[in-house]
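**Q** Below you will find the structure I want to go over with you.
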Amino acid sequence: MIDSNAYVGEWPFRRLPYSQPGNLLRKMDDLGIEKAVISRLENVFFKDLLAGNRELHTIVQAHPDRFIPAYTINPAYPGWDEDLQICLEELGAQHLRLHPNYHQYELLGKENLRLLEIAREHGLLILIAIGLEDARHHHKLVRVPDVAAGDIAQTVNAFPQVRFLVTGGRFGEVTSIWRSVDKTENLYVENSRVQGPIHDVAKLCNSVGPDHVLFGSNAPLHYHESAQLSIETETQIADVVKQKLFHDNAARLFNV
Amino acid sequence: MPIIDVHVHTDVGKSLGDFAEQIEIAEQFDAVLVTYAIRPVRDGSRYSFPTHEFCERSNDETHTLMQRYPDRVRGFCYVNPYHADAAATELEKRLDTQGFVGLKLWHALPCDDPRVDRLVDICAHFRVPALQHTWLKSGGLGYSESSPEMVAELARRHPNATIIAAHAGGDYEYGAKVFRSTPNVLLDIAGNECNAAGVHILVEHVGAERVIFGTDMPGRSFPSQLAKVLGTSLVAADKEKILYENMARVLAEGTTTH
């Protein structure tokens, strides 16, 4: 199994099990997860994201066979383009993570357009995090709505040469994006926050196609078992499709 | 391990066939579904404030499911407390003659309304639980929604009743603290996202004996909610309490009175 959407690090609002590399790796071992795509969780709130990205690089260097890094960039913050160059040249970035809602910028705003052009030039995979947790339970001081599905669809339409993985989308959000996108070849989704309705994964495969759905945990914010059991126990998809969701689609997308 | 899911919906007016998905899930996971119909198939603007006739129809349909799937479905009676006498009569009838095993209250009225007390007294008499919806959000409560504190006060006014706080209050950390000192409140974990540490926090503050499993199907999937329990590092005995034993004990109490 390849977990296409995970983080390493602490969260300001509650103590999380499996937040540190050692705990996370033990959990992955217990569940049979071979590799995980990880970003630095602190980079949701850090201002100097390069610091978090360097920490991420160190973590991945210690476990290169288990972790695949997705470095976080905030194009609304000064110096992001120089930080991105460092990620590309020094850290070997191939995948970037965006949090447009937490970092408060428009996906098609001037700066992010530049970022997406760079992604196109370098063939980078862009992970867009729609949300991280149910917004109804956010801390009163930090209430962050999910990224609007329509904004993501417009962005995908505007950059048909860029590959996108939408992370943390709920069922209605993901299917809404899919319906609004002109060309879906370069768009992928994962199932960490697709936690309903009944037979959600089968319905997602029917809507999106089994080659575009990936297993993703949203760990350590969510338990891996939610996304894993949702695929493993789904009676309406064949084993060969489960293999695609658990492994093959991510292996192809992340060049594993 | 058998499972009791204390929070399952069907929509009023749907055909029996529409409940087949829930039954398939129950068979797959060896689960008993505690079921109540609260929404009409076509949502009205105020479906949370149902007419008494709507509640009767809801309970008729739940009763049909109970009869059709006796090994898999238990029914909670749904009423609107605003219809004071009629609601009480409906509840007594369903508990006394049709094998319903509890009461479901949503958010027609907040549960600090005296009309709710009468219904909870009836539940205490029949020794069945009253499940009260409560979901605190960071943006506040919805219209006529009961706060966790209101549910805790309801439980204090009725120390001989068993109250189920739906969704564990919505916010688990908050609910864990509010219900720490109300031993007759069980916390149902249905409906929220599968947040890591959520159930662990509940158990730490109220004990595994007061946490019960629920899904909120069909809006939520069974596996995502099951993962809230299976994903914890709780000992197996505590997981069994949450998934089955705690609610089995409550349902058995009601059964012995009939």
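Line order of the protein sequences matches chains A and B.
Using this note's numbering, the first residue of the first sequence is number -17, and each one after it goes up by one.
Using this note's numbering, the first residue of the second sequence is number 12, and each one after it goes up by one.
Just so it is clear, CB atoms sit at the ideal spot from N, CA and C, and this is done for glycine as well.
(1) Indicate whether at least one CB of chain A lies closer than 9 Å to the CB of residue 56 of chain B.
(2) Spatial neighbours of residue 19 of chain A within its chain, please: CB distance less than 6 Å, with the 5 preceding and 5 following residues excluded, ordered by chain position.
(3) Given this structure, state the Cα-to-Cα distance separating residue 175 of chain A from residue 108 of chain B, to the nearest angstrom.
(4) Using a Cβ cut-off of 9 Å (strictly closer), state whether residue 22 of chain A contacts chain B.
(5) Starting from residue 161 of chain B, find everything on chain D with Cβ-Cβ shorter than 9 Å and list it in chain order.
(6) Unbroken beta strand (DSSP E) runs of length 3 or more, entirely within the stretch 98 to 126 of chain A: which are they?
(7) For chain A, check one thing: does any of its Cβ atoms lie closer than 9 Å to the Cβ of residue 150 of chain B?
(8) Give the residues of chain B in contact with residue 204 of chain A, contact being defined as C-beta atoms less than 7 Å apart.
(9) Going straight from the alpha carbon of residue 29 of chain B to that of residue 212 of chain A, what length do you get?
(10) Name, in chain order, the residues that DSSP records as bridge partners for residue 228 of chain B.
(11) Looking only at its chain, what residues have a beta carbon closer than 8 Å to the beta carbon of residue -8 of chain A, apart from the 5 residues adjacent to it on each side?
(12) Apart from the five residues just before and just after residue 182 of chain A, which ones in its own chain have a Cβ nearer than 6 Å to its Cβ?
(13) Tell me whether residue 134 of chain B sits in a helix, a strand or coil according to DSSP, three-state version.
(14) Which residues in the same chain as residue 226 of chain A place their Cβ atom closer than 7 Å to its Cβ, once the five residues preceding and following it in sequence are excluded?
(15) What is the residue span of the alpha helix (DSSP H) that residue 144 of chain A lies within?
(16) Residue 31 of chain B lies in the alpha helix (DSSP H); which residues open and close that run?
(17) In the structure shown, what three-state DSSP assignment does residue 208 of chain B receive?
(18) Would you say the stretch 135 to 142 of chain A touches the stretch 75 to 94 of chain A, given that touching needs at least three Cβ pairs under 8 Å?
(19) What's the C-alpha gap between residue 152 of chain B and residue 157 of chain A?
(20) Got a sec: which bits of the stretch 169 to 184 of chain B sit with their beta carbon under 9 Å from any beta carbon on chain A, in order along the chain?
(21) For residue 224 of chain B, which residues from the same chain have a beta carbon less than 7 Å from its beta carbon, with the 5 sequence-adjacent residues on both sides left out?
(22) Measuring only the C-alpha atoms, how far is residue 114 of chain A from residue 150 of chain A?
(23) Using a Cβ-Cβ cutoff of less than 6 Å, which residues in the same chain neighbour residue 32 of chain A once the five nearest sequence positions on both sides are dropped?
(24) Output the distance between the C-alpha atoms of residue -12 of chain A and residue 127 of chain B, rounded to the nearest integer angstrom.
(25) Roughly how many angstroms separate the alpha carbons of residue 56 of chain B and residue 157 of chain B, rounded to a whole number?
(26) Output, in chain order, the set of chain A residues within a Cβ distance shorter than 9 Å of residue 228 of chain B.
(27) Give a yes or no on whether the C-beta atoms belonging to residue 134 of chain A and residue 100 of chain A are separated by under 9 Å.
(28) State yes or no: is the C-beta of residue 59 of chain B within less than 9 Å of the C-beta of residue 98 of chain B?
(29) Do you know how far the Cα of residue 46 of chain B is from the Cα of residue 19 of chain B?
(30) With 8 Å as the C-beta to C-beta threshold (strictly closer), list the residues of the stretch -7 to 11 of chain A near chain B in chain order.
(31) Assuming residue 174 of chain B and residue 141 of chain B make a contact with CB atoms under 8 Å, what is their CB distance in whole Å?
(32) Which value, in whole angstroms, describes the spacing of the CA atoms of residue 128 of chain A and residue 116 of chain A?
(33) Does DSSP classify residue 218 of chain B as helix, strand or coil?
(34) Which residues of chain B have a Cβ atom closer than 7 Å to the Cβ of residue 227 of chain A, listed in chain order?
(35) Against chain B, with Cβ distances strictly below 9 Å, would residue 211 of chain A count as a contact?
(36) Could you name each continuous beta strand (DSSP E) segment of 3 residues or more that falls completely within the stretch 160 to 201 of chain A, going from the start of the chain to the end?
**A** Let's see:
(1) For this step, residue 56 of chain B is matched to residue 45 along the second sequence. The predicted position of residue 56 of chain B is uncertain, since its pLDDT is 49 and thus under 50; a value taken from the coordinates is nonetheless stated next. Output row for residue 56 of chain B: interface = no.
(2) One-based indexing of the first sequence puts residue 19 of chain A at position 37. The answer, listed in chain order, is -14, 50, 52.
(3) Against the first sequence, residue 175 of chain A aligns to sequence position 193. Against the second sequence, residue 108 of chain B aligns to sequence position 97. Put simply, the backbone Cα of residue 175 of chain A is about 42 Å away from that of residue 108 of chain B.
(4) As a position in the first sequence, residue 22 of chain A is number 40, starting the count at 1. Among the residues facing chain B, residue 22 of chain A is not included, as its CB has no counterpart in that chain under 9 Å away.
(5) Structure shown: chain D not included; protein chains present are A and B.
(6) Those beta strand (DSSP E) runs which fall completely within the stretch 98 to 126 of chain A and span 3+ residues are 107 to 111.
(7) In the second sequence, counting from the first residue as 1, residue 150 of chain B sits at position 139. With its beta carbon less than 9 Å from one in chain A, residue 150 of chain B belongs to the interface.
(8) Taking the first residue of the first sequence as position 1, residue 204 of chain A is located at position 222. By Cβ distance, chain B contributes 204, 205, 206, 207.
(9) Reading the second sequence from its first residue, position 18 is the one you call residue 29 of chain B. Reading the first sequence from its first residue, position 230 is the one you call residue 212 of chain A. The straight-line gap from Cα to Cα measures roughly 21 Å.
(10) Within the second sequence, the letter at position 217 stands for residue 228 of chain B. Bridge partners of residue 228 of chain B: B:19.
(11) By one-based count along the first sequence, residue -8 of chain A stands at place 10. Counting only Cβ-Cβ distances below 8 Å, and skipping sequence neighbours, we find -2, 1, 23, 24.
(12) The count along the first sequence starts at 1 and reaches residue 182 of chain A at position 200. Contacts found: 153, 176.
(13) Here residue 134 of chain B refers to the residue found at position 123 when the second sequence is read from its first residue. Residue 134 of chain B falls in the helix class under three-state DSSP.
(14) Walking along the first sequence from the start, residue 226 of chain A turns up at place 244. Excluding residues within five positions, the ones whose Cβ falls inside 7 Å are 192, 193.
(15) Taking the first residue of the first sequence as 1, we reach residue 144 of chain A at position 162. Here residue 144 of chain A belongs to no alpha helix (DSSP H), and DSSP marks it neither H nor E.
(16) Residue numbering aside, residue 31 of chain B sits at position 20 when the second sequence is read from its first letter. Looking at the DSSP string, the run of the alpha helix (DSSP H) that includes residue 31 of chain B is 31 to 40.
(17) The sequence position of residue 208 of chain B within the second sequence is 197, counting from 1. Residue 208 of chain B: coil per DSSP, three-state reduction.
(18) The stretch 135 to 142 of chain A is in contact with the stretch 75 to 94 of chain A.
(19) Looking up residue 152 of chain B in the second sequence gives position 141. Looking up residue 157 of chain A in the first sequence gives position 175. Roughly 28 Å between the two C-alpha positions.
(20) Across the stretch 169 to 184 of chain B, CB contacts with chain A closer than 9 Å involve 181, 182, 183, 184, in sequence order along the chain.
(21) The sequence position of residue 224 of chain B within the second sequence is 213, counting from 1. Within the same chain, residue 224 of chain B has close Cβ partners 14, 15, 16, 17, 200, 240, 253, 254.
(22) Taking the first residue of the first sequence as position 1, residue 114 of chain A is located at position 132. Taking the first residue of the first sequence as position 1, residue 150 of chain A is located at position 168. Approximately 6 Å, taken between the alpha carbons.
(23) Translated into positions along the first sequence, residue 32 of chain A becomes position 50. Same-chain partners within the cutoff: 65.
(24) The residue you call residue -12 of chain A lines up with position 6 of the first sequence. The residue you call residue 127 of chain B lines up with position 116 of the second sequence. For residue -12 of chain A and residue 127 of chain B, the distance between alpha carbons rounds to 45 Å.
(25) Taking the first residue of the second sequence as position 1, residue 56 of chain B is located at position 45. Taking the first residue of the second sequence as position 1, residue 157 of chain B is located at position 146. Because the pLDDT of residue 56 of chain B is 49, which lies under 50, any placement of that residue in the model is unreliable, and the number read from its coordinates should be weighed accordingly. Whole-angstrom Cα-Cα distance: 19 Å.
(26) What you label residue 228 of chain B is simply residue 217 of the second sequence in a count that begins at 1. Simply 178, 179, 180.
(27) Stepping through the first sequence from its first residue, residue 134 of chain A is reached at position 152. Stepping through the first sequence from its first residue, residue 100 of chain A is reached at position 118. For residue 134 of chain A and residue 100 of chain A, no; Cβs fall outside 9 Å.
(28) On the second sequence, residue 59 of chain B is found 48 positions in, with the first residue counted as 1. On the second sequence, residue 98 of chain B is found 87 positions in, with the first residue counted as 1. Residue 59 of chain B places its beta carbon 9 Å or farther from that of residue 98 of chain B.
(29) The count along the second sequence starts at 1 and reaches residue 19 of chain B at position 8. The count along the second sequence starts at 1 and reaches residue 46 of chain B at position 35. Each residue's Cα considered, the two are about 5 Å apart.
(30) Residues are counted here when their Cβ sits less than 8 Å from a Cβ of chain B; for the stretch -7 to 11 of chain A these are -4, -3, -2, -1, 0, given in chain order.
(31) Against the second sequence, residue 174 of chain B aligns to sequence position 163. Against the second sequence, residue 141 of chain B aligns to sequence position 130. So it is a contact: roughly 6 Å between Cβ atoms.
(32) Residue numbering aside, residue 128 of chain A sits at position 146 when the first sequence is read from its first letter. Residue numbering aside, residue 116 of chain A sits at position 134 when the first sequence is read from its first letter. Each residue's CA atom was taken as its position, placing residue 128 of chain A and residue 116 of chain A some 9 Å apart.
(33) Start at 1 with the first residue of the second sequence, and residue 218 of chain B comes out as number 207. The answer is coil: DSSP assigns residue 218 of chain B none of H, G, I, E or B.
(34) To locate residue 227 of chain A, count along the first sequence from 1; it is residue 245. Result: empty, since nearest Cβ-Cβ is about 13 Å, beyond 7 Å.
(35) Position 229 of the first sequence holds residue 211 of chain A. Interface residue (Cβ-Cβ distance to chain B less than 9 Å): residue 211 of chain A is classified as such.
(36) If only uninterrupted beta strand (DSSP E) runs of at least 3 residues are considered, those enclosed by the stretch 160 to 201 of chain A are 169 to 172.
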